[in-house]
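S.K.: All the letters of the sequence shown, read from the start, carry residue numbers 60 to 749 under this note's numbering.
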Amino acid sequence: MKTEEFYTFCRLCFDRCSLKATVEDGKLLHVAADKESGLKSTPCAKGLALPEILNHPDRLQYPQKRKGTRGDGIWERISWDEALDTIAKKLQEIKRKFGPESVAFGLGDPKGLEIAFVQRLASAFGTPNVATPGHLCHIPRQLASTFTFGSACIADEEYLQGLIVIWGCNLFGTRGSYMDPRRFNSVLENGAKLIVIDPRKIEIASKANLWIKPRPGSDGALAMGLMKVIIEKGLYDHDFVARWALGFEQLKEHIKSFDLQDVERATWVPQEQIEEAAKLYASIKPATIQWGNALDHTTNSFQTSRAISILRTITGNLDIPGGEVFIAPPPVTSPGRFMLLRESPRKMVKPIGSEFKLATRSGFIPRQSLVKAILEEKPYPVKAGLFFATNPLLTYPNATETYQALMKLDFIVVTDLFLTPTAAIADMVLPAAAVCEYDEIAPYPAVYGAILAYPKLVDPPGECWSDMQVVNELAKRLGLKQYFWDTEREALDLILQPSGLSFEELKEKRLLRGEKEYRRYEKNGFRTPSGKVEIYSRQLEDLGYDPLPFYQELSRFDKPTVEYPLLLTSAKEQPFVHSAHRNIASLRRIKTEPVVELNPEVAHKAGLKQGDWIYIETRSGKIKQKLLLDAELDPRLVVASYGWWFPEDSGSFYRWKESNLNVLTRSDPPYEPTLGSVQLRGIPCRVYGA
Numbered sequence: 060m061k062t063e064e065f066y067t068f069c070r071l072c073f074d075r076c077s078l079k080a081t082v083e084d085g086k087l088l089h090v091a092a093d094k095e096s097g098l099k100s101t102p103c104a105k106g107l108a109l110p111e112i113l114n115h116p117d118r119l120q121y122p123q124k125r126k127g128t129r130g131d132g133i134w135e136r137i138s139w140d141e142a143l144d145t146i147a148k149k150l151q152e153i154k155r156k157f158g159p160e161s162v163a164f165g166l167g168d169p170k171g172l173e174i175a176f177v178q179r180l181a182s183a184f185g186t187p188n189v190a191t192p193g194h195l196c197h198i199p200r201q202l203a204s205t206f207t208f209g210s211a212c213i214a215d216e217e218y219l220q221g222l223i224v225i226w227g228c229n230l231f232g233t234r235g236s237y238m239d240p241r242r243f244n245s246v247l248e249n250g251a252k253l254i255v256i257d258p259r260k261i262e263i264a265s266k267a268n269l270w271i272k273p274r275p276g277s278d279g280a281l282a283m284g285l286m287k288v289i290i291e292k293g294l295y296d297h298d299f300v301a302r303w304a305l306g307f308e309q310l311k312e313h314i315k316s317f318d319l320q321d322v323e324r325a326t327w328v329p330q331e332q333i334e335e336a337a338k339l340y341a342s343i344k345p346a347t348i349q350w351g352n353a354l355d356h357t358t359n360s361f362q363t364s365r366a367i368s369i370l371r372t373i374t375g376n377l378d379i380p381g382g383e384v385f386i387a388p389p390p391v392t393s394p395g396r397f398m399l400l401r402e403s404p405r406k407m408v409k410p411i412g413s414e415f416k417l418a419t420r421s422g423f424i425p426r427q428s429l430v431k432a433i434l435e436e437k438p439y440p441v442k443a444g445l446f447f448a449t450n451p452l453l454t455y456p457n458a459t460e461t462y463q464a465l466m467k468l469d470f471i472v473v474t475d476l477f478l479t480p481t482a483a484i485a486d487m488v489l490p491a492a493a494v495c496e497y498d499e500i501a502p503y504p505a506v507y508g509a510i511l512a513y514p515k516l517v518d519p520p521g522e523c524w525s526d527m528q529v530v531n532e533l534a535k536r537l538g539l540k541q542y543f544w545d546t547e548r549e550a551l552d553l554i555l556q557p558s559g560l561s562f563e564e565l566k567e568k569r570l571l572r573g574e575k576e577y578r579r580y581e582k583n584g585f586r587t588p589s590g591k592v593e594i595y596s597r598q599l600e601d602l603g604y605d606p607l608p609f610y611q612e613l614s615r616f617d618k619p620t621v622e623y624p625l626l627l628t629s630a631k632e633q634p635f636v637h638s639a640h641r642n643i644a645s646l647r648r649i650k651t652e653p654v655v656e657l658n659p660e661v662a663h664k665a666g667l668k669q670g671d672w673i674y675i676e677t678r679s680g681k682i683k684q685k686l687l688l689d690a691e692l693d694p695r696l697v698v699a700s701y702g703w704w705f706p707e708d709s710g711s712f713y714r715w716k717e718s719n720l721n722v723l724t725r726s727d728p729p730y731e732p733t734l735g736s737v738q739l740r741g742i743p744c745r746v747y748g749a
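#1: If contact is defined by three or more beta carbon pairs under 8 angstroms, each pair taking one atom from either stretch, is the segment 440-453 in contact with the segment 220-232?
#2: Who are the Cβ neighbours of G351 in its own chain at under 6 angstroms, not counting the five residues just before and after it?
#3: Using only CA atoms, which one of I510, I643 and D727 lies nearest to D74?
#4: Quick one: is D215 buried, meaning 16 or more other Cβ sit within 10 Å of its Cβ, or exposed?
#5: Check whether the segment 158-166 and the segment 180-190 are in contact - that is, three or more C-beta pairs closer than 8 angstroms.
#6: Could you tell me whether the segment 296-307 touches the segment 251-260, using the rule of 3 or more Cβ pairs below 8 angstroms?
#7: Going by DSSP in three states, G382 sits in which element: helix, strand or coil?
#8: Out of L71, R125, V82 and A147, state which residue places its alpha-carbon closest to the alpha-carbon of K535.
#9: Just to confirm, are D498 and F585 a CB contact at a threshold of 8 angstroms?
#10: Using DSSP with H/G/I as helix, E/B as strand and the rest coil, what is Y747?
#11: Determine, for P624, whether the minimum Cβ-Cβ distance to residues of chain B falls below 8 angstroms.
#12: Does K60 pass the burial test, meaning 16 or more other C-beta atoms within 10 Å, or should it be called exposed?
#13: Would the C-beta of D518 count as close to the ligand MG, meaning under 7 angstroms from any of its heavy atoms?
#14: In three-state terms, what does DSSP make of Q309?
#15: Given that a residue counts as buried once 16 or more other Cβ atoms are within 10 Å of its Cβ, and exposed if not, what is I133?
#16: Taking its Cβ as the centre, do 16 or more other Cβ atoms sit within 10 Å of T62, making it buried, or is it exposed?
#17: May I ask you to report which of helix, strand or coil DSSP gives A336?
#18: Using three-state DSSP, classify I225 as helix, strand or coil.
#19: In this structure, does DSSP put W270 in helix, strand or coil?
#20: Find the nearest neighbour of D140 within the set V737, S711, W524 and P619, judged by alpha-carbon distance.
#21: Taking the straight line between their C-alpha atoms, what separation do you get for A337 and G284?
#22: Would K409 be called buried (16 or more neighbouring beta carbons within 10 Å of its own) or exposed?
#23: Please check the pair E334 and V288, which I expect to be a contact at CB under 8 angstroms, by giving their CB distance rounded to whole angstroms.
#24: For A749, collect the residues of the same chain with a Cβ closer than 6 angstroms to its Cβ; drop the 5 residues on either side in sequence, then sort them by chain order.
#25: Could you pull out every residue in the same chain whose Cβ sits closer than 7 angstroms to the Cβ of P345, ignoring the five residues on either side in sequence?
#26: Please report the straight-line C-alpha distance between S265 and I554, rounded to a whole angstrom.
#27: Just the C-alpha distance for P440 and V430, rounded to the nearest angstrom, thanks.
#28: So who's on the other strand from A699, going by DSSP bridges?
#29: Pop quiz: A491 and D545 are said to be a contact at Cβ under 8 angstroms. What is the actual Cβ separation, rounded to whole angstroms?
#30: Could you name the residues of the same chain whose beta carbon sits closer than 8 angstroms to that of V655, not counting the 5 residues immediately before and after it, in chain order?
#31: Out of K716, S316, G293 and K105, which one is the CA nearest neighbour of A233?
#32: Quick one: Cα of P159 to Cα of R714, how far?
#33: Please list, in chain order, all residues of the same chain as S327 whose beta carbon is under 6 angstroms from its beta carbon, the five residues on each side excluded.
#34: Taking the beta strand (DSSP E) that G165 falls in, what are its first and last residues?
#35: Exposed or buried, which one is N359 when buried takes at least 16 other CB atoms within 10 Å?
#36: Whose C-beta lies closer than 8 angstroms to the C-beta of P258 among residues of the same chain, with five residues either side of it excluded?
Structure representation (structure tokens):
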């Protein structure tokens, strides 16, 4: 028996906790917190379940092709050669008949290099159509920061103090915050103030000096209200604004149109609390805002993040100790160059969803745009979909419409760890290797100032391949070998080339950080065309978008009615990542069933009690979840669980419709104009007994 210990990082969410892994006879036996390196290491149940995930008996281990009718669940094991030859032949046939743009790729959350490899393959093949969750996850916040400051900023965790604002981010729950909970608690114990902005009483809300409960989807109005108070009360940092902010006078004039009483009506937040929060935030320095994914889920997502970026600006909290810092990325090959986004070998047609200019300029298309293009064949037909690490039936808005679109495709390929509801209706399923089963670097692109080495610790089961290997080998069969490599290691070394490190050398270092330097702008200005923070963005104006932030009131489809008097929002659950891990026993024991939260007053009026299975219904459909009463929840709200299917029941594609939140969501206009975000929070609904 041979036992070895290694250090690696968890890759199941964006926290990237450092882990100590025990390998016994070539099998991942155990992982634990890394207490030696000094790196962030507060692994949750997901990370600690890595051995269970990797060693699960239901892992896909061999390529399989469908036999019989799509969705019958009858599969035939085939070789990798047959799988790749079949895929390449089918894609080339579709390309000849309909053009390369009729092939679309779909990706889940980018945990590593898979997004870069798939984007590169799409560019080389000639299709601009790569659907990602970007318009609903992180990209609205990242691009809002980029248009305002020239780059993204993060909380200066090393010197946290003063005031921390947690906005739409469940720091100790679903994580993905980059902030170490241990340091966070220590800072509060040492006297830092805390504001929590969340409709739900998340765990840390009990520690807050101020807990604000906005109506889901109204965060943009709240940000504009805070901005109005800070500006009109003269609470802003006059010196910083005078020296470094472009367009402040236009903002002062613009903000006059926002009335605090209107903000109160839109947000459900009392005017007095808006004023209290604004004064607290503006009076304490340093202050930092930790924002979360919830802000990306509305048709106001980009402008909401623009408004929050400007709050950071006018309070003078940029690039100061304990504030919002800009960390230079380590020297690596730029993502755009690696993905061939600007230098595709083929002249491509306009992407689906080209009206959302910030999305397509970033190399992706909104998911609902892909679904509608498949169904309507506009602007052109889409005939094939290749999906990597994504489960569209659970994660795309309007699941019913998504199902119709997938079933219309001529050819579907899914690469995943397990047979998901989406994989169950594919024509071909490819077995993916998991983290620790191949060499990789992440995060890439290095938005937050570091890249990490993920070394291979064990062999994958059966014939599992990494997504990188799948793409690399498929590219060769498509006649695109000149854009790829003989081995994955060559690609890793190319990405690292500007750093002067090979992957082997990065493995020894474990990670490579960019430089942090406070007030870097005093030397070279901000990374914007003007060299200043662009409150008034001429770049956005030139693209046809509003140069100043605003809040667009919800459409009539998103307002309560007599038939649908309540508003639906959702919450992700700590043991899971989106729709993944419901088949992992240790995690399922933590959350056995999908729950929906309701105020006891509303439940009593509807004749419902704790533990009942109840229906949640919107204009799009209905699902059932188990009732959990929450006296702290606003009586006007319903909070459902996200991502639920039942791997233990293979019938009807694992009962994917039964409790699936996205059966309830819409995919119709209005959309967020720059990126195509849809309204996923604050949806009119009703509840009743099942």
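Where is the CB? At the ideal position from N, CA and C, for every residue including glycine.
M.R.: For this structure:
#1: no
#2: G227 and C228
#3: I510
#4: buried
#5: yes
#6: no
#7: DSSP places G382 in the coil class of the three-state scheme, outside both helix and strand.
#8: A147
#9: no
#10: strand
#11: Here there is only one protein chain, and chain B is not present.
#12: Just to set this straight, residue 60 is Met in the shown sequence, not Lys. Exposed, since its Cβ has fewer than 16 Cβ neighbours within 10 Å.
#13: With respect to the ligand MG, the structure shown offers nothing to examine, as it has no ligands at all.
#14: helix
#15: exposed
#16: exposed
#17: helix
#18: If DSSP states are grouped into helix, strand and coil, I225 belongs with the strands.
#19: strand
#20: W524
#21: Whole-angstrom Cα-Cα distance: 8 angstroms.
#22: exposed
#23: 5 angstroms
#24: W672, I673, Y674 and K683
#25: Q220, G221, N376, I379, P380, G381 and G382
#26: 44 angstroms
#27: 11 angstroms
#28: BP columns for A699 point to S629.
#29: That belief does not hold up - the Cβ atoms of A491 and D545 are roughly 21 angstroms apart, past 8 angstroms.
#30: I673, I675, Q684, K685, L686, L687, V697, V698, A699, S700 and V746
#31: Before going further, note that residue 233 is Thr rather than Ala in the sequence given. It is K105.
#32: 34 angstroms
#33: For the sequence presented, residue 327 should be read as Trp rather than Ser. So the qualifying residues of the chain are R274.
#34: It spans V162 to L166 - the beta strand (DSSP E) in which G165 sits, taken as one unbroken run.
#35: buried
#36: K272, P273, R274, P275, T628, L692, D693, L696 and V698
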